[in-house]
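If you count the sequence shown from 1, position 19 lands on 19 in full-length UniProt numbering, and the numbers rise without skipping. Glycine is no exception: its CB is placed at the ideal position from the N, C-alpha and C atoms.
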Amino acid sequence: MSVSDPIADMLTCIRNAAQAQHKKVDVPASRVKEEILKVLQREKFIRAYRRVEDNKQGVLRVYLQYTPESDPVISHLKRISKPGRRIYVTRDEIPRVQNGLGSAILSTSRGVMTDREARKVGVGGELIAEVY
Numbered sequence: 001m002s003v004s005d006p007i008a009d010m011l012t013c014i015r016n017a018a019q020a021q022h023k024k025v026d027v028p029a030s031r032v033k034e035e036i037l038k039v040l041q042r043e044k045f046i047r048a049y050r051r052v053e054d055n056k057q058g059v060l061r062v063y064l065q066y067t068p069e070s071d072p073v074i075s076h077l078k079r080i081s082k083p084g085r086r087i088y089v090t091r092d093e094i095p096r097v098q099n100g101l102g103s104a105i106l107s108t109s110r111g112v113m114t115d116r117e118a119r120k121v122g123v124g125g126e127l128i129a130e131v132y
């Protein structure tokens, strides 16, 4: 079965695994997904990830992050731009998520980055997701 939005599928897998208190979750690999996971790891929303090779496209194994009280670090993970309705923002329109406590993930001409990094570089792009 083909998935019409693989990024949303990955975000849903991560969100569901975090709510179910799983230590890790596997998602089918792609370059864009790997770039999004790099951003989530840099922002400390996930502990780590690694690519596991199989004889197909590969799998990204995501290790989830929890607080000392065993609560998931990710309390909100939402896909913004969807295949049916793409959302693009200029550098002046980049939203602040939870007044700076969360992060918006953007796909820019300089790669996938957070809202803070995009403002610093001075570029806009496609608003992929928001997380806090």
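Hey, could you find the ends of the alpha helix (DSSP H) residue i is sitting in?
{"i": "residue 110", "result": "Run containing residue 110: none; DSSP gives neither H nor E here."}
{"i": "residue 32", "result": "31 to 42"}
{"i": "residue 15", "result": "6 to 19"}
Report the residue from the options whose alpha carbon sits nearest the alpha carbon of residue i.
{"i": "residue 111", "options": "7, 31, 23, 130", "result": "31"}
{"i": "residue 56", "options": "77, 28, 7", "result": "28"}
{"i": "residue 65", "options": "84, 89, 59, 37", "result": "37"}
{"i": "residue 124", "options": "132, 8, 113", "result": "113"}
{"i": "residue 90", "options": "99, 119, 84, 101", "result": "119"}
Along the chain, where does the beta strand (DSSP E) containing residue i start, and where does it finish?
{"i": "residue 47", "result": "46 to 52"}
{"i": "residue 131", "result": "125 to 131"}
Do the CB positions of residue i and residue j come within less than 9 Å of each other?
{"i": "residue 59", "j": "residue 103", "result": "no"}
{"i": "residue 97", "j": "residue 121", "result": "no"}
Leaving out five residues on either side along the sequence, give the residues of the same chain with a beta carbon under 6 Å from the beta carbon of residue i.
{"i": "residue 79", "result": "8, 11, 129"}
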